[in-house]
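According to full-length UniProt numbering, the stretch in the sequence shown is residues 1 to 466, in order.
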Amino acid sequence: MKLYNTLSRTKEEFQPLNDKVVNMYVCGPTVYNYIHIGNARAFIVFDTVRRYLEYKGYKVNYVQNFTDIDDKIIKRAQEENVTTKELAEKYIHEYFKDADNLGIKRATVHPKATEHIEDIVKFIKILIDKGYAYVVNGNVYFETAKFKDYGKLSHKNIEELQAGARIEINEEKKNPLDFVLWKAQKPGEPAWDSPWGRGRPGWHIECSVMSTKYLGKTLDIHAGGPDLIFPHHENEIAQSEALYGQQFSKYWMHIGYLNINNEKMSKSKGNFFTVREITEKYHPEVLRLFMLMAHYRNPINFSLDLMDQANSAYERLLNAMANLKHLLTVCKERELNEEEKRIVEKFEEYKKEFEEAMDDDFNTADAISVLFEMAKTANINLSGNSSKELVKYILDMFLKLSEILGLFYRTVKTDIDDEEILALIEKRQQARKEKNWKLADEIRDRLREKGIILEDTPEGVRWKRM
Ligand SMILES: [Zn+2]
């Protein structure tokens, strides 16, 4: 399996430190608002990476933090007249609502910055002792000039970084690239005790501290959005490698940018969507499919028109699976004939193609094309006369492969498992046979309340979730 490493700028063979375990850290949201679709792209992509690694047999320790103290949180809490803790708790709750909706699995640990202040203080103290950090007026800064590899992730030298950095007027810093590890308390701000006076951690330090605490000094994969390469991840490397003298992460994965209507996403331009807004209009799996239909490193353009197209694509796949589910109820058990055995071989090839696409730097775009091929082949070759065994085999493969992408599994699988729904559909069929239209309609309404839509076809009834 190959993956593209931002650190080497090449596709490398994936070899975790331990053959059976992958330790993976993904930078999580700053919890002062609902997550936007740019955040969602990163979380969906890396959830898919995790799912595929698990499919390959690895145990994945997946850590994703919550930044629950920073300037934006403080400002927003003041505006809403709540504590920063209350604000953060609220948006952590909302994050989980959106993430669950999008099929993003819970991390092994979701650590919060404010629950690791002691570890953070300890970490900074050693950086000062080792000569990598300095204290000015209760603020602590990391001295980037002391870390010789500074810039290795963004592939820039110090001069290029300085030229590109937003010049912030701060006379306390020895060098504009130095960054804050600990911020002295300003009036009205939440603060914790430290050897340098009361204050709070800077942003970058929490990820160095919490990743090491839960995953060890060298991670297998560290991942995040493209805007995090510099300075956030560059600074994480500087802090961790200065402290431990060993590589911080073997692989660095970054997604491409997400634009809206071909422009950079920006709140001030009104060019901005939260996940909540989009999933009120579309099934959450449509947004997930949309994100995975592009290669994760490519830029992606988002618009409602493109979401409509993704919606049609989603329906095509969903209908193919609904059709298979329907065939399961009408097809008879019998041995596979020669033609059907060839179809099985064809589907084994599809499975191989799917895995090859995913093995090649998680090419979900190609993997999804394979699902469409599978749908086409199933639609053409299967009918009410097919062997039930064949139908079951193909439906199982659809579910297994789409579960890797976090798609369909919940929607389609629940239907099959839901005996109550199946029993109601059967009861309605019986009522129709007996021309008891009143009962048949009542059952249809009850199913509708459960979010199930029925469609009567010459071959019997089909159903899908709304
Ligand atoms: Zn981070």
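All C-beta atoms, glycine included, are put in the ideal place defined by N, C-alpha and C.
Enclosing beta strand (DSSP E) for residue i [first to last residue]
{"i": "Asn5", "result": "Lys2 to Asn5"}
{"i": "Leu181", "result": "Phe179 to Ala184"}
{"i": "His222", "result": "Leu219 to Gly224"}
{"i": "His254", "result": "Ser249 to His254"}
{"i": "Gln64", "result": "Lys59 to Gln64"}
{"i": "Leu454", "result": "Ile452 to Thr457"}
Member of the options whose CA lies at the smallest distance from the CA of residue i
{"i": "Glu172", "options": "Ala322, Val135 and Thr377", "result": "Val135"}
{"i": "Ser386", "options": "Ser8, Ala238, Arg334 and Gln185", "result": "Arg334"}
{"i": "Glu373", "options": "Gly406, Leu328, Gln247 and Arg316", "result": "Arg316"}
{"i": "Lys75", "options": "Gly188, Leu327 and Ser312", "result": "Gly188"}
{"i": "Ile221", "options": "Asn18, Trp463 and Ala440", "result": "Asn18"}
{"i": "Glu355", "options": "Tyr393, Leu371 and Ile343", "result": "Leu371"}
{"i": "Lys388", "options": "Cys331, Ile120, Ile92 and Phe302", "result": "Cys331"}
{"i": "Gln247", "options": "Asn235, Thr218 and Lys450", "result": "Thr218"}
{"i": "Ile92", "options": "Ile69, Glu80 and Gln78", "result": "Ile69"}
{"i": "Val49", "options": "Asn259, Met24 and Ile37", "result": "Met24"}
{"i": "Ala238", "options": "Asn139, Val60 and Glu143", "result": "Glu143"}
{"i": "residue 467", "options": "Lys346, Leu405, Leu395 and Val391", "result": "The shown model of the chain, from 1 to 466, leaves out residue 467, and the question about it has no answer."}
{"i": "Thr279", "options": "Ile35, Thr10 and Lys435", "result": "Ile35"}
{"i": "Pro176", "options": "Pro231, Glu94, Asn436 and Trp463", "result": "Pro231"}
{"i": "Glu118", "options": "Lys450, Ala191 and Leu161", "result": "Ala191"}
{"i": "Gly384", "options": "Tyr314, Leu324 and Asn436", "result": "Leu324"}
{"i": "Lys130", "options": "Tyr393, Val60 and Gly245", "result": "Gly245"}
{"i": "Ala77", "options": "Asp441, Val26, Tyr32 and Lys183", "result": "Tyr32"}
{"i": "Leu258", "options": "Ser303, Lys464 and Ser268", "result": "Ser303"}
{"i": "Val275", "options": "Lys267, Tyr251 and Pro284", "result": "Pro284"}
N- and C-terminal bounds of the alpha helix (DSSP H) containing residue i
{"i": "Arg200", "result": "Element bounds for Arg200: not the alpha helix (DSSP H) but the beta strand (DSSP E), Gly199 to Pro201."}
{"i": "Tyr141", "result": "Not the alpha helix (DSSP H): Tyr141 falls in the beta strand (DSSP E), residues Asn139 to Phe142."}
{"i": "Val275", "result": "Val275 to Lys281"}
{"i": "Ala310", "result": "Leu304 to Val330"}
{"i": "Val45", "result": "Ile37 to Tyr55"}
{"i": "Met291", "result": "Pro284 to Leu292"}
{"i": "Tyr25", "result": "Premise fails: Tyr25 lies in the beta strand (DSSP E), Val21 to Val26, not in any alpha helix (DSSP H)."}
{"i": "residue 499", "result": "It is not possible to answer for residue 499, since the shown part of the chain is limited to 1 through 466."}
{"i": "Phe230", "result": "First-last for Phe230: undefined, no H or E at that position."}
{"i": "Asp361", "result": "Premise fails: Asp361 is in no alpha helix (DSSP H) and is neither H nor E."}
{"i": "Ala88", "result": "Thr84 to Asn101"}
{"i": "Asp71", "result": "Asp71 to Glu80"}
Cβ-based burial, residue i [other Cβ within 10 Å; buried from 16]
{"i": "Ile421", "result": "buried"}
{"i": "Gln15", "result": "exposed"}
{"i": "Ile453", "result": "exposed"}
{"i": "Gly224", "result": "buried"}
{"i": "Pro29", "result": "buried"}
{"i": "Pro299", "result": "exposed"}
{"i": "Phe408", "result": "buried"}
{"i": "Gly38", "result": "buried"}
{"i": "Ile380", "result": "exposed"}
{"i": "Asn139", "result": "buried"}
{"i": "Thr10", "result": "exposed"}
{"i": "Asn262", "result": "exposed"}
{"i": "Trp437", "result": "exposed"}
{"i": "Phe123", "result": "buried"}
{"i": "Leu328", "result": "exposed"}
Helix, strand or coil at residue i [DSSP, three-state]
{"i": "Asn381", "result": "helix"}
{"i": "Glu335", "result": "coil"}
{"i": "Lys11", "result": "strand"}
{"i": "Met397", "result": "helix"}
{"i": "Ser369", "result": "helix"}
{"i": "Ala133", "result": "strand"}
{"i": "Thr114", "result": "helix"}
{"i": "Met265", "result": "coil"}
{"i": "Thr108", "result": "coil"}
{"i": "Glu434", "result": "coil"}
{"i": "Arg297", "result": "coil"}
{"i": "Ser387", "result": "strand"}
{"i": "Thr30", "result": "strand"}
{"i": "Asp149", "result": "coil"}
{"i": "Lys156", "result": "coil"}
{"i": "Lys174", "result": "coil"}
{"i": "Leu161", "result": "helix"}
{"i": "Asp445", "result": "helix"}
{"i": "Asn271", "result": "strand"}
beta-carbon residue i near ligand 3 non-hydrogen atom, thresh 6 Å
{"i": "Cys27", "result": "Looking for ligand 3 in the displayed structure turns up nothing; the ligands present are ligand 1."}
Task: Touch test, the region 197 to 208 against the region 2 to 9, Cβ-Cβ under 8 Å, three pairs minimum - done: The region 197 to 208 is not in contact with the region 2 to 9.
Task: contact_flag[the region 54 to 64, the region 80 to 88] where n(CB pairs < 8 Å) is 3 or more - done: Contact fails: fewer than three Cβ-Cβ distances are below 8 Å.
Task: the region 102 to 111 in contact with the region 283 to 292 per 3-pair CB rule at 8 Å - done: In short, these stretches touch, since the Cβ pair count reaches three.
Open item on the list: I'd like to know if the region 345 to 360 and the region 436 to 443 are in contact, where contact means that at least 3 CB-CB pairs between them fall below 8 Å.
Closed with: Contact between the region 345 to 360 and the region 436 to 443 is absent, because fewer than three Cβ pairs lie under 8 Å.
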